[in-house]
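>
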Amino acid sequence: MTEIGEPATLDTNVAFYALTESAKTSAATACLRASAFLSVQVLNEYANVAVRKRQRSWSQVAEDIDELRQAVARIVPISENANGDALRIAARYNLSFYDALMLAVALSGGARTFYSEDMQHDLTIDGSLRVVNPFHPEA
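Mapped onto this note's numbering, the consecutive letters of the sequence shown carry residue numbers 7 to 145.
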């Protein structure tokens, strides 16, 4: 996973696994515990997908989001600077804008590790943020 004391955060997909029962739950829960913060984007995406694809009620989603908030020390907002950085990151690393935005917020929050199942394992962003797929055999 991440070295002790090294700030980490995670993608929405890992948050989902942490709150559901599956073969990936244990690893995802460890990532959530290792995370210093979450992007508000994780909370937003979680709410959208939980209702739309997982048919969770709004009250269940509110409980889930409260659980995510309590698992980390802080929630980092999306700033105007993060928006600009996301444009640069998306172009440089050939990523979707929303993935790049999450990475920009991770960088602004001081993360050194970003847990995601959807991005290239071991990709390093701007020389300081390492993408780690916690379900990858080499993770």
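C-beta atoms are modelled at their ideal positions from N, C-alpha and C, and glycine is treated no differently.
Who are T15's beta bridge partners in DSSP?
Taking the first residue of the sequence shown as position 1, residue 15 is located at position 9. Assignment of beta-bridge partners to T15 by DSSP yields F120.
> Are V20 and S122 touching if we call contact CB-CB under 8 Å?
Counting from 1 along the sequence shown, the entry for residue 20 is found at position 14. Counting from 1 along the sequence shown, the entry for residue 122 is found at position 116. Closer than 8 Å, so yes.
> Report the CB separation of V138 from Q47 in whole angstroms; it is logged as a contact under 8 Å.
As a working note, residue 138 is residue 132 in the sequence shown. As a working note, residue 47 is residue 41 in the sequence shown. With a Cβ gap of about 18 Å, V138 and Q47 do not count as contacting.
> Only counting runs of 4 or more residues, tell me where the alpha helix (DSSP H) segments fall wholly within the stretch 50-117, in order along the chain.
64-77, 86-99 and 103-114
> For A92, which residues in the same chain have their Cβ closer than 7 Å to its Cβ, ignoring the five residues on either side in sequence?
Position 86 of the sequence shown holds residue 92. Within the same chain, A92 has close Cβ partners F103, A106, L107 and A110.
> For L38, which three-state DSSP category applies?
Within the sequence shown, the letter at position 32 stands for residue 38. Note: L38 maps to helix in three-state DSSP.
> Excluding sequence positions up to five away, which residues of its chain have a Cβ less than 6 Å from the Cβ of G115?
Looking up residue 115 in the sequence shown gives position 109. F43 and V82.
> According to DSSP, simplified to helix, strand and coil, what is T130?
Your numbering for residue 130 matches position 124 in the sequence shown. T130 falls in the strand class under three-state DSSP.
> Distance check for A33 and D128, CA to CA, integer angstroms please.
For the purposes of this step, residue 128 is taken as the residue at position 122 of the sequence shown. For the purposes of this step, residue 33 is taken as the residue at position 27 of the sequence shown. So the alpha carbons of these two residues sit roughly 17 Å apart.
> So what's S45 in DSSP terms, helix, strand or just coil?
Start at 1 with the first residue of the sequence shown, and residue 45 comes out as number 39. Looking at S45 - three-state DSSP - the assignment turns out to be strand.
> In terms of alpha-carbon separation, which member of R80, A14, Q66 and D132 lies closest to L25?
Sequence index remark: in the sequence shown, residue 25 carries index 19 (1-based). Out of R80, A14, Q66 and D132, Q66 has the C-alpha closest to the C-alpha of L25.
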